[in-house]
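Enquirer: Top line first, the protein sequences correspond to chains A and B. Counting in this note's numbering, the first sequence runs from 18 upward without gaps. Counting in this note's numbering, the second sequence runs from 1230 upward without gaps. Beta carbons: idealized from backbone N, C-alpha and C, even for Gly. Bear in mind that the values here come from a model prediction, so they are computed numbers and not experimental data.
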Amino acid sequence: QKEVEQNSGPLSVPEGAIASLNCTYSDRVSQSFFWYRQYSGKSPELIMSIYSNGDKEDGRFTAQLNKASQYVSLLIRDSQPSDSATYLCAVNKGLDSGYALNFGKGTSLLVTP
Amino acid sequence: TAGITQAPTSQILAAGRSMTLRCTQDMRHNAMYWYRQDLGLGLRLIHYSNTAGTTGKGEVPDGYSVSRANTDDFPLTLASAVPSQTSVYFCASSPGGQSIEAFFGQGTRLTVV
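1. Which of the three DSSP states is assigned to residue 1302/B in this structure?
2. Beta-carbon within less than 8 Å of residue 18/A's beta-carbon, same chain only, minus the 5 sequence neighbours each way: which residues are those?
3. Decide if the segment 1235-1245 of chain B is in contact with the segment 1280-1296 of chain B; the criterion is three or more beta carbon pairs, one per stretch, under 8 Å apart.
4. Starting from residue 75/A and walking both ways along the beta strand (DSSP E), at which residues does that stretch end?
5. Which class does residue 1312/B belong to by DSSP, given the choice of helix, strand or coil?
6. For residue 33/A and residue 98/A, I'd like the C-alpha separation in whole angstroms.
7. Tell me, please, whether the CB atom of residue 61/A is closer than 8 Å to any CB atom in chain B?
8. Give a yes or no on whether the C-beta atoms belonging to residue 1251/B and residue 1231/B are separated by under 8 Å.
9. From the DSSP output, which residues share a beta bridge with residue 1267/B?
10. Apart from the five residues just before and just after residue 1350/B, which ones in its own chain have a Cβ nearer than 8 Å to its Cβ?
11. Would you say the beta carbon of residue 124/A is closer than 7 Å to some non-hydrogen atom of the ligand HEM?
12. Count the other CB atoms within 10 Å of the CB of residue 1311/B; is the residue buried (16 or more) or exposed (fewer)?
13. Is there contact between the segment 1315-1330 of chain B and the segment 119-129 of chain A, where contact requires at least three CB pairs shorter than 8 Å?
14. By the criterion of Cβ-Cβ separation under 7 Å, what are the contact partners of residue 117/A in chain B?
15. Just curious, the beta strand (DSSP E) that residue 1248/B is in, first and last residue?
16. Inspect the beta-carbon positions of residue 1331/B and residue 118/A and report whether they are closer than 8 Å.
17. Have a look at residue 1234/B and residue 25/A and give me their C-alpha separation to the nearest angstrom.
18. Name the chain B residues that come within less than 7 Å of residue 120/A, Cβ to Cβ?
19. In angstroms, rounded to a whole number, what distance separates the CA positions of residue 39/A and residue 1258/B?
20. Give the straight-line distance between the Cα atoms of residue 1273/B and residue 1265/B, rounded to the nearest whole angstrom.
21. Let's test the definition: count the other Cβ atoms within 10 Å of the Cβ of residue 1307/B and tell me whether it reaches 16, buried, or not, exposed.
22. Compute the Euclidean distance between the alpha carbons of residue 1354/B and residue 113/A, then round it to the nearest angstrom.
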């Protein structure tokens, strides 16, 4: 059973709209959550981290965390064609795995002009 | 700042041959990781190292070995390559601990024929 779940997409939104990306995780003791962006043929790039329940905003990006529901999301406001990429949700595995990240399979986002 | 450097960028390897994928970081991060990324399977942890001199097994360690002789270097060795090891390999590093973000190298695309 995959521990981090994401819809594979593709999620298509028009330029200027809000893109909403969702992720659920199974390990209740997880404490750290991350969103990575990966362009085709490139390596994952960290865009947001969140550790506490609630919202965290950074520019056009807002991460939302609800530990009770084991749910984390990423909102991208004023979406741009350059935001078209695969977005990976990652959850910290904890000490037993050296605090490595457990990744979802990613959601493909397409922003259309 | 170079960050994390992986070499080679790509490689075609005959089955049964051995190969070492190199990873060097200049951020003095304590923790380092090797992931493989396959279509439909996402990023999976192969091995990790919390600090120089220690290593641990991840989700898919079979057929791979690692060493961590110093802080900066974390090579991944395939002793006898098989076609199922065809993948994109990413090295990552983190300062260490549960709440710290991980940063990725540019990846090595390996094809075993």
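Expert: On the basis of the coordinates in this document:
1. Here residue 1302/B sits in strand by DSSP.
2. Low confidence applies to residue 18/A: its pLDDT is 45, below 50, so where it sits in the model is not reliable enough to give any reading.
3. At 8 Å Cβ cutoff, the stretches do not touch.
4. 71-75
5. helix
6. Whole-angstrom Cα-Cα distance: 9 Å.
7. yes
8. Contact check for residue 1251/B against residue 1231/B fails: the beta carbons are separated by 8 Å or more.
9. Answer by DSSP bridge pairing, in chain order: 1271/B.
10. The structure shown has nothing for residue 1350/B, since chain B only spans 1230 to 1342.
11. The ligand HEM is not among the ligands present in this structure, which contains no ligands whatsoever.
12. So residue 1311/B ends up on the exposed side.
13. Taking 8 Å as the limit for Cβ pairs, the verdict is that the segment 119-129 of chain A does not touch the segment 1315-1330 of chain B.
14. Correct list: 1262, 1274, 1277 and 1287.
15. 1248-1254
16. Between residue 1331/B and residue 118/A, the gap from beta carbon to beta carbon is short of 8 Å.
17. The alpha-carbon atoms of residue 1234/B and residue 25/A are separated by roughly 29 Å.
18. 1271 and 1272
19. 30 Å
20. 5 Å
21. buried
22. Residue 1354/B lies beyond the range of chain B shown here (1230 to 1342); nothing can be said about it.
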